[in-house]
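Remember, the numbering used here sits 418 above the position in the sequence shown when you count from 1. Glycine included, each C-beta is placed from N, C-alpha and C at the ideal position.
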Amino acid sequence: MALCLEGLDTKLSGHVISVSVLETHPLIALGNSLPWTQLAGPVIADLKKTTAKGYWWLGRKLQVRIHLAAYFLQKIYDLTDRQTEYWIRDNAAFQLFCGKLSIKNWHAPDHTKIEEFRSRLSPETQRYLANALAQFAVQLGFANPEETDIDSTVQEANVSYPSDANLMVKLCGMATKVLGYLKKKTRALIPDNLSIDLKAVRSKAREYWFAPKNKDREQKNAVFKELHHLVKQQMKPVIDLFQSLDPGRYKRLPWNIQRSIDQINGHGWRYLLDVAHFVRNGTLKTGKILAFHAQEVACITKGKLQKMHEFGRTIQLGRIKGNFLFILKCMDVQMPDRSIFPQFIEEHSKLFGQGTLKSLATDKGYYRRKNLTEGWAFRPGRADQTRLTRRAGDDA
């Protein structure tokens with residue numbers, strides 16, 4: 419075997435290189451097949467109503483075609499915002515898919531704008547985009563809706579582990595921040611003697627957190643009760659003051675101070691009363707909040723060894739043959755598998771036509787006898803999977 423050693427010592431330099439992207443490239447074929455105008459309708463409506471001041475026609479124009487294509491690329495290849503920006507700048511096929519030759523003054527979007535665009539889309543719009551893509555895939559012959567798998571997943575919320583000791587310290591921290599701002603920026607509004615001993619609260623919380631594992635449970639509960647009593651004592655006059663703020667003065671406060679006041683007024687005292695219920699009875703109060711900034715969050719237990727408790731909301735997903743997903747509308751944070759099964763059948767019929775579904779694979783969480791009375795027969799599969807098939811002659 420001969421060896422070529424050419425170029426080992428050559429320094430690299432920048433050059434203009436022409437790259438040929440054929441019309442048969444998958445991204446080119448996909449870009450030509452998608453009805454961009456139809457897909458952009460709900461997106462434009464969201465962009466118009468999610469601006470900070472309500473004036474969507476001011477400032478630099480947002481190229482919807484570029485950002486919508488970047489959104490699809492991010493979902494197709496499971497990219498982060500920075501990875502999406504890098505590949506659009508570096509990959510010719512990505513650039514053509516994002517409309518480089520069809521948009522005047524085309525530019526690759528920055529990763530911060532990619533994140534901002536995505537965050538301004540409502541959950542219902544994002545669900546519409548996913549379901550519409552699945553429908554187009556069926557129309558173009560890339561997917562077959564007769565065979566479908568369904569499963570649920572947990573969309574975890576952006577919250578830390580919601581232990582009561584941690585939340586009580588956070589509540590005092592928010593109140594301390596607001597009091598410090600009001601004392602500095604307002605005159606004769608905050609009494610000089612009104613403050614929160616945050617150091618004492620954190621000290622008592624550390625005593626509870628770092629208690630030895632072999633310490634008696636009753637002693638740990640006594641420390642927790644002392645922490646709750648201290649926080650309640652410190653927060654009561656502060657909450658009374660925040661609730662009595664003049665509306666005119668409140669509107670002149672910065673947005674982050676207003677947000678903290680809203681969270682304290684809206685949930686602070688109610689939360690402390692719910693913790694008091696736990697102190698007295700040893701059981702959680704139904705509906706107790708898990709975070710001050712995120713309310714639609716539930717504790718979900720799916721029996722996973724590595725994740726015994728997940729905090730967020732359940733999302734129900736369907737996958738048709740061809741590896742395209744459709745998403746069920748999220749009506750509740752829990753969305754239990756067994757009761758949600760009929761809605762899957764209804765959503766599939768709405769998207770792909772009545773009677774199209776012939777075979778449906780699920781895990782055993784969806785199985786119950788009531789679901790089999792709707793023209794479906796149960797056939798065991800693997801240890802962790804079942805399959806529902808339509809009975810002969812049934813078209814419901």
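Taking the alpha-carbon of residue i as reference, which of the options has the nearest alpha-carbon?
{"i": "Val656", "options": "Trp673, Gln544, Leu607, Arg620", "result": "Leu607"}
{"i": "Ala640", "options": "Ala583, Leu452, Gly449", "result": "Ala583"}
{"i": "His766", "options": "Asp781, Gln752, Lys739", "result": "Lys739"}
{"i": "Thr594", "options": "Ala575, Val577, Val619", "result": "Val619"}
{"i": "Asp610", "options": "Val693, Ser438, Gly598", "result": "Gly598"}
{"i": "Lys588", "options": "Val572, Leu616, Glu714", "result": "Leu616"}
{"i": "His685", "options": "Tyr668, Met653, Arg670", "result": "Met653"}
{"i": "Ser451", "options": "Ser581, Asn699, Val556, His647", "result": "Val556"}
{"i": "Asn509", "options": "Ser436, Arg670, Thr428, Lys643", "result": "Ser436"}
{"i": "Tyr689", "options": "Leu480, Thr704, Ile675", "result": "Thr704"}
Leaving out five residues on either side along the sequence, give the residues of the same chain with a beta carbon under 7 Å from the beta carbon of residue i.
{"i": "Arg500", "result": "His529"}
{"i": "His711", "result": "Gln681"}
{"i": "Val461", "result": "Val482, Leu486, Leu539, Thr543"}
{"i": "Ala458", "result": "Val482, Leu486"}
{"i": "Ala526", "result": "Glu503, Ile506, Arg507"}
{"i": "Gly517", "result": "Arg483, Ile484, Ala487, Trp524"}
{"i": "Trp474", "result": "Leu465, Lys466"}
For residue i, which residues does DSSP report across the bridge?
{"i": "Cys717", "result": "Phe729"}
{"i": "Glu574", "result": "Gly730"}
{"i": "Phe744", "result": "Gly736"}
{"i": "Asn562", "result": "Lys739"}
Just the C-alpha distance for residue i and residue j, rounded to the nearest angstrom, thanks.
{"i": "Arg605", "j": "Arg756", "result": "59 Å"}
{"i": "Arg507", "j": "Gln513", "result": "7 Å"}
{"i": "Gln651", "j": "Thr469", "result": "40 Å"}
{"i": "Gln456", "j": "Thr780", "result": "32 Å"}
{"i": "Leu746", "j": "Pro453", "result": "22 Å"}
{"i": "Leu659", "j": "Ile679", "result": "10 Å"}
{"i": "Met419", "j": "Pro444", "result": "38 Å"}
{"i": "Ala548", "j": "Asp750", "result": "20 Å"}
{"i": "Gly559", "j": "Leu778", "result": "20 Å"}
{"i": "Ser520", "j": "Gly449", "result": "12 Å"}
{"i": "Phe729", "j": "Glu714", "result": "10 Å"}
In its own chain, which residues sit with a C-beta less than 6 Å from the C-beta of residue i, not counting the 5 before and 5 after it?
{"i": "Ile532", "result": "Ala488, Asp499, Thr502"}
{"i": "Arg737", "result": "Asp567, Leu743"}
{"i": "Asn683", "result": "Phe660, Gln661"}
{"i": "Gln734", "result": "Ser570, Leu746, Met753, Ile758"}
Considering only residues of the same chain and omitting the five flanking positions on each side of residue i, which have a CB-CB separation below 8 Å?
{"i": "Leu775", "result": "Pro563, Glu564, Thr566, Ile763, His766, Ser767, Arg808"}
{"i": "Lys638", "result": "Tyr626, Ala629"}
Please report the Cβ distance between residue i and residue j, rounded to the nearest whole angstrom; I am assuming they are in contact, meaning their Cβ atoms lie under 8 Å.
{"i": "Cys717", "j": "Leu723", "result": "So it is not a contact: roughly 17 Å between Cβ atoms."}
{"i": "Ala552", "j": "Ala561", "result": "7 Å"}
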